[in-house]
Structure formats: C-alpha cells, structure tokens
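J.: I am attaching a structure below and will ask some questions about it afterwards.
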Amino acid sequence: GQQVQQSPASLVLQEGENAELQCNFSTSLNSMQWFYQRPGGSLVSLFYNPSGTKHSGRLTSTTVIKERRSSLHISSSQTTDSGTYLCALERANTNKVVFGTGTRLQVLP
Amino acid sequence: NAGVIQTPRHKVTGKGQEATLWCEPISGHSAVFWYRQTIVQGLEFLTYFRNQAPIDDSGMPKERFSAQMPNQSHSTLKIQSTQPQDSAVYLCASSLDGQNERLFFGHGTKLSVL
Numbered sequence: 091g092q093q094v095q096q097s098p099a100s101l102v103l104q105e106g107e108n109a110e111l112q113c114n115f116s117t118s119l120n121s122m123q124w125f126y127q128r129p130g131g132s133l134v135s136l137f138y139n140p141s142g143t144k145h146s147g148r149l150t151s152t153t154v155i156k157e158r159r160s161s162l163h164i165s166s167s168q169t170t171d172s173g174t175y176l177c178a179l180e181r182a183n184t185n186k187v188v189f190g191t192g193t194r195l196q197v198l199p
Numbered sequence: 010n011a012g013v014i015q016t017p018r019h020k021v022t023g024k025g026q027e028a029t030l031w032c033e034p035i036s037g038h039s040a041v042f043w044y045r046q047t048i049v050q051g052l053e054f055l056t057y058f059r060n061q062a063p064i065d066d067s068g069m070p071k072e073r074f075s076a077q078m079p080n081q082s083h084s085t086l087k088i089q090s091t092q093p094q095d096s097a098v099y100l101c102a103s104s105l106d107g108q109n110e111r112l113f114f115g116h117g118t119k120l121s122v123l
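Structural data, given as structure tokens:
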C-alpha cells in the first residue's frame with residue numbers, strides 16, 4: 091500500500107490566505123523532506139526536517155515522528171507559491187527515499 | 010556549484026530504440042539516486058548508488074533498464090528497446106552520503122517514445 095499519503099490532493103487559495111499541507115506515513119523513517127515543483131520544473135528542496143519544527147520565511151515544517159505525520163504551513167500565500175508540494179521520507183534501514191503523491195496548490199490573485 | 014546536471018533535457022526516440030540518460034552529481038556527493046516521474050504514477054524510485062556501488066535497484070524494471078556509475082562524476086541510465094510506456098521525466102538526485110541527508114535534484118530528462 092501507499093506508504094506516504096498527502097492531503098489535500100489539491101488546494102485553491104486566494105492570495106493572502108494560509109495553507110496547511112499534510113503528509114502521513116505508515117513506515118519508520120530516518121528523515122523527512124519537503125519539495126516544491128513548478129509544472130515542468132525540477133524539485134526544489136524546501137525543508138530537511140526529520141523531527142521538530144523548522145521555519146523558512148513564510149513556510150513552517152513540523153514533523154512528529156511518533157504520530158507519523160509531517161505538515162507544511164504556508165502563511166500569507168502568494169501567486170508565486172502555486173505549484174506542487176511533495177513530501178518524501180527516507181525509510182529506516184534502507185536509505186530509500188519514497189515520495190507522496192503531492193498537493194497541487196493554486197493561489198489566485 | 011552547478012547543482013546536479015542531467016543531459017539531455019529532452020530525448021525523443023522511436024519505439025525499439027535505445028536511450029541513454031546522463032547524470033552528473035554535485036561534486037563531493039557520494040550518493041546518486043534515479044527516479045521516474047509521470048502524471049499517473051508520480052515519483053517512482055528506480056535505483057541508488059553510494060560510492061559508485063549499486064545499493065538498491067528494487068525500483069528498476071527487470072528487463073531493458075540498467076544503470077551504471079563508472080566514476081564518481083557521472084551515472085547513466087540506459088533503456089533498451091524503448092516502449093511508449095517508458096515515456097516519463099527521469100530525475101537524478103544526489104546527496105552527500107545517502108544517509109539522512111538532503112536530496113538535490115537535477116532538472117530531469119524528458120523522454121518521449123513515439
């Protein structure tokens with residue numbers, strides 16, 4: 091079954107609204123990463139966050155290992171935030187990094 | 010630091026032809042990963058090298074696909090007798106040592122099999 095589940099699958103916001111993207115996983119992990127991808131673009135690393143909370147500008151990532159979840163919070167969204175957000179976990183004991191199916195975000199002006 | 014470099018950016022092949030995709034990891038990174046991305050399947054893990062040695066190729070189709078890393082500065086993914094279902098974006102990533110490290114991706118090679 092799918093080891094990494096992301097929700098919602100898609101999200102439409104008005105510029106200025108906040109967003110909370112969720113990543114739930116069913117396997118033990120070594121690390122958790124969040125990536126951003128524009129249509130046709132490459133994956134850009136946003137956070138490497140195996141546990142706890144990290145901040146970067148308007149973005150906040152929180153990983154709670156014992157609850158098997160990680161979240162990405164986007165505050166005061168901008169149209170340039172539009173794209174797909176992917177979480178990826180490195181499975182324990184394997185070093186294999188598996189990806190969720192992504193959340194497609196569209197921020198309207 | 011030029012990042013992970015993948016060539017070519019786009020490749021079009023006819024059904025049955027061979028395709029070779031190239032990846033140059035970030036200098037000093039010892040781990041190289043290959044992924045395939047399609048709209049239907051999303052990002053699929055293919056294979057992974059550390060210090061040029063194949064560590065995990067569990068995602069590689071058993072036939073027609075092979076990957077090598079002959080030296081620390083490049084890796085290749087070869088697809089023999091390409092089929093239309095092989096059409097995808099093939100992504101290469103590298104990390105410092107492959108364990109508990111951030112992944113850095115190249116721009117990918119978009120393979121179109123006609």
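Going down the list, the sequences are from chains S and U.
All residue numbers for the first sequence refer to this note's numbering, where the first residue is 91 and numbers rise by one.
All residue numbers for the second sequence refer to this note's numbering, where the first residue is 10 and numbers rise by one.
Glycine included, every Cβ here is placed at the ideal spot set by N, Cα and C.
Nothing here was measured: the structure is a model prediction, and the numbers come from that model.
(1) Against SER140 (chain S), what residues of chain U qualify as contacts under a CB-to-CB distance less than 8 Å, listed in chain order?
(2) Would you say LEU52 (chain U) faces chain S, with C-beta separation under 7 Å as the test?
(3) Under 7 Å, do ALA178 (chain S) and ASN120 (chain S) count as touching if we go by C-beta distance?
(4) Can you name the residues of chain S whose CB is closer than 8 Å to the CB of TYR57 (chain U)?
(5) Tell me PRO63 (chain U)'s beta-bridge partners as DSSP assigns them.
(6) Helix, strand or coil: which one does DSSP assign to LYS71 (chain U)?
(7) Determine the burial state of HIS206 (chain S): buried for a count of at least 16 other Cβ atoms within 10 Å of its Cβ, exposed for fewer.
(8) What does LEU176 (chain S) reach in chain U if we use C-beta pairs closer than 9 Å?
(9) Using the Cα positions of SER39 (chain U) and ALA28 (chain U), report the straight-line distance between them to the nearest angstrom.
(10) Do the CB positions of GLN96 (chain S) and THR184 (chain S) come within less than 7 Å of each other?
(11) Would you kindly report the start and end of the unbroken beta strand (DSSP E) that includes ASN114 (chain S)?
(12) So, are the CB atoms of GLN93 (chain S) and SER116 (chain S) less than 7 Å apart?
(13) Residue range of the beta strand (DSSP E) that GLN92 (chain U) falls in?
(14) Can the beta-carbon of GLU107 (chain S) be found closer than 7 Å to that of SER172 (chain S)?
(15) Would you grab the beta carbon distance between LYS119 (chain U) and HIS19 (chain U) for me? Rounded to a whole angstrom, and I think it's under 8 Å.
(16) Taking the continuous beta strand (DSSP E) assigned at THR16 (chain U), which residues delimit it?
(17) Quick check: is the beta carbon of PHE114 (chain U) nearer than 7 Å to any beta carbon in chain S?
T.: On the basis of the coordinates in this document:
(1) Translated into the one-based positions of the first sequence, residue 140 (chain S) becomes position 50. This sequence places Pro at residue 140 (chain S); Ser is not what is there. Under the 8 Å cutoff, chain U gives ASN109.
(2) As a working mapping, residue 52 (chain U) is identified with position 43 in the second sequence. At a cut-off of 7 Å, the C-beta of LEU52 (chain U) has a neighbouring C-beta in chain S.
(3) The residue given as residue 178 (chain S) occupies position 88 in the first sequence. The residue given as residue 120 (chain S) occupies position 30 in the first sequence. Not closer than 7 Å, so no.
(4) Mapped onto the second sequence, residue 57 (chain U) falls at position 48. Within chain S, the residues near TYR57 (chain U) are ASN185, LYS186.
(5) Working through the second sequence from its first residue, we reach residue 63 (chain U) at position 54. Answer by DSSP bridge pairing, in chain order: U:PHE58.
(6) Residue 71 (chain U) sits at position 62 when you count from the first residue of the second sequence. In this structure, LYS71 (chain U) counts as coil in the three-state DSSP scheme.
(7) No information on residue 206 (chain S) is available, as it lies outside the stretch 91 to 199 that chain S covers here.
(8) Within the first sequence, the letter at position 86 stands for residue 176 (chain S). One finds GLY51, LEU52 in chain U with Cβ atoms closer than 9 Å to the Cβ of LEU176 (chain S), taken in chain order.
(9) Looking up residue 39 (chain U) in the second sequence gives position 30. Looking up residue 28 (chain U) in the second sequence gives position 19. When rounded, the distance between both Cα atoms is 25 Å.
(10) In the first sequence, the residue the question calls residue 96 (chain S) occupies position 6. In the first sequence, the residue the question calls residue 184 (chain S) occupies position 94. Cβ atoms of GLN96 (chain S) and THR184 (chain S): not closer than 7 Å.
(11) Position 24 of the first sequence, counted from the first residue, corresponds to residue 114 (chain S). The continuous beta strand (DSSP E) containing ASN114 (chain S) extends over residues 109-115.
(12) What you label residue 93 (chain S) is simply residue 3 of the first sequence in a count that begins at 1. What you label residue 116 (chain S) is simply residue 26 of the first sequence in a count that begins at 1. The Cβ-Cβ distance between GLN93 (chain S) and SER116 (chain S) falls below 7 Å.
(13) For the purposes of this step, residue 92 (chain U) is identified with residue 83 of the second sequence, where counting begins at 1. Here GLN92 (chain U) belongs to no beta strand (DSSP E), and DSSP marks it neither H nor E.
(14) Within the first sequence, numbered from 1, the residue matching residue 107 (chain S) stands at position 17. Within the first sequence, numbered from 1, the residue matching residue 172 (chain S) stands at position 82. Against a cut-off of 7 Å, the Cβ pair of SER172 (chain S) and GLU107 (chain S) comes out as no contact.
(15) Indexing the second sequence from 1 puts residue 119 (chain U) at position 110. Indexing the second sequence from 1 puts residue 19 (chain U) at position 10. In this structure LYS119 (chain U) is in contact with HIS19 (chain U), their Cβ atoms being roughly 5 Å apart against a cut-off of 8 Å.
(16) Locating residue 16 (chain U) in the second sequence gives position 7, counting from the first residue. That run of the beta strand (DSSP E) goes 14-16.
(17) For the purposes of this step, residue 114 (chain U) is taken as the residue at position 105 of the second sequence. Interface annotation, PHE114 (chain U): in contact with chain S, CB-CB separation under 7 Å.
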